[in-house]
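Data first, discussion second: the structure below is written as structure tokens.
Residue numbers (this note's numbering): 5 to 353.
What follows is the structure, given as structure tokens:
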């Protein structure tokens with residue numbers, strides 16, 4: 005058999021040789037393409053198979069339908085100084101363990117309220133990717149930071165409190181001199197200075213300068229340079245826009261219980277039990293200034309004539325109106341039942 009094949013092979017004409025070589029080349033090319041496809045199939049897995057290999061946190065972030073909003077909830081409380089924030093935060097520390105969420109204090113060097121660019125990047129990525137800490141409540145004396153500038157898919161929920169600007173300034177003035185009941189043995193930097201706020205205003209000293217009231221506006225305005233220019237109309241407008249568009253809820257110090265009530269009804273995953281704890285515990289009136297004299301009528305009138313007070317008070321009134329609006333919409337018109345919604349007339353059936 006072998007000899008016959010060899011004889012036929014020798015007798016082949018040149019044309020037959022060319023055809024045979026072409027057939028061999030086509031056959032080899034076919035096998036090579038098939039092998040390449042097999043290798044590519046293993047090299048590039050389909051997206052569905054890639055999704056199966058992701059960790060639970062990565063998988064939750066990669067598909068919107070599977071994202072667990074409750075367990076990835078992050079609330080950011082960029083608390084304005086002397087607005088009652090210590091009382092609120094201490095409730096969170098008391099209830100974080102039973103409610104199974106984390107509380108983290110943002111401590112910025114030298115109590116600076118604006119983060120540097122490298123710290124902005126790091127902070128945003130920490131908050132977004134630190135899944136072991138979620139659900140979480142972050143708090144600290146820091147200006148509003150817009151997470152949307154950093155290509156973040158799920159931004160934190162911002163909350164805050166505001167206070168009447170003159171009340172906040174007077175409270176801070178005496179706090180620096182006499183401290184409070186939270187840490188009574190801590191010596192403050194103005195300890196021993198017994199000049200009253202009224203006397204300070206008459207003497208036009210820097211501690212009672214109306215420019216010191218310029219704090220709530222920049223806290224809501226953010227990290228732009230113009231936010232920190234006292235008397236800037238642009239900063240006030242930006243603060244109002246952020247308050248409405250970027251904050252889930254902004255309360256007022258004078259209605260702390262109502263603020264806690266709305267949060268518990270809206271975000272129970274973190275704030276469950278806050279109402280009862282605030283009402284019944286001794287944490288509802290922390291950080292009361294040890295000695296504080298209310299300003300006289302003449303001092304109040306003098307402060308209210310200043311542009312800074314008028315702008316800060318404008319923001320406070322704006323925030324108060326928005327807060328009252330949110331409270332009102334919580335209840336139905338009969339003021340007895342919590343508002344509900346439902347889906348109906350769904351087509352096609």
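All C-beta atoms in this analysis are idealised placements derived from N, C-alpha and C, irrespective of residue type, glycine included.
Since the model is a prediction, treat every value here as computed from it, not as a measurement.
Using a 10 Å radius around the Cβ and a threshold of 16 neighbouring Cβ atoms, would you call residue i buried or exposed?
i, result
"residue 165", "buried"
"residue 210", "exposed"
"residue 265", "buried"
"residue 219", "buried"
"residue 345", "exposed"
"residue 286", "exposed"
"residue 102", "exposed"
"residue 96", "buried"
"residue 157", "exposed"
"residue 342", "exposed"
"residue 229", "exposed"
"residue 160", "buried"
"residue 349", "exposed"
"residue 325", "exposed"
"residue 178", "buried"
"residue 203", "exposed"
"residue 316", "buried"
"residue 329", "exposed"
"residue 351", "exposed"
"residue 242", "buried"
"residue 132", "buried"
"residue 353", "exposed"
"residue 39", "Per-residue confidence for residue 39 stands at a pLDDT of 44, beneath the threshold of 50, marking its modelled position as unreliable; the derived number appears in the next sentence. Per the 10 Å Cβ criterion, exposed."
Verify whether the separation of the beta carbon atoms of residue i and residue j is less than 8 Å.
i, j, result
"residue 299", "residue 176", "no"
"residue 312", "residue 214", "yes"
"residue 142", "residue 77", "no"
"residue 255", "residue 99", "no"
"residue 140", "residue 108", "yes"
"residue 249", "residue 224", "no"
"residue 167", "residue 113", "no"
"residue 231", "residue 222", "yes"
"residue 274", "residue 73", "no"
"residue 169", "residue 282", "no"
"residue 163", "residue 251", "yes"
"residue 199", "residue 154", "no"
"residue 4", "residue 83", "The requested residue 4 does not occur in the structure, where the chain is confined to residues 5 to 353."
"residue 197", "residue 172", "no"
"residue 174", "residue 296", "yes"
"residue 244", "residue 322", "yes"
"residue 138", "residue 75", "yes"
"residue 150", "residue 226", "yes"
Report the partner residues of residue i according to the DSSP bridge assignment.
i, result
"residue 255", "165"
"residue 205", "Its beta-bridge partners do not exist; DSSP assigns none."
"residue 140", "78, 106"
"residue 335", "342"
Inter-stretch contact (C-beta, 8 Å, three-pair minimum) for the stretch 226-243 and the stretch 332-340: The stretch 226-243 vs the stretch 332-340: no contact.
The stretch 114-122 / the stretch 88-95 touching (three or more Cβ pairs under 8 Å): no
Contained beta strand (DSSP E) runs [length at least 3] in the stretch 78-131, N- to C-terminal order: Scanning the stretch 78-131 for uninterrupted beta strand (DSSP E) segments of 3 residues or longer gives 78-81, 106-109, listed from N- to C-terminal end.
Contained beta strand (DSSP E) runs [length at least 3] in the stretch 211-271, N- to C-terminal order: 251-256
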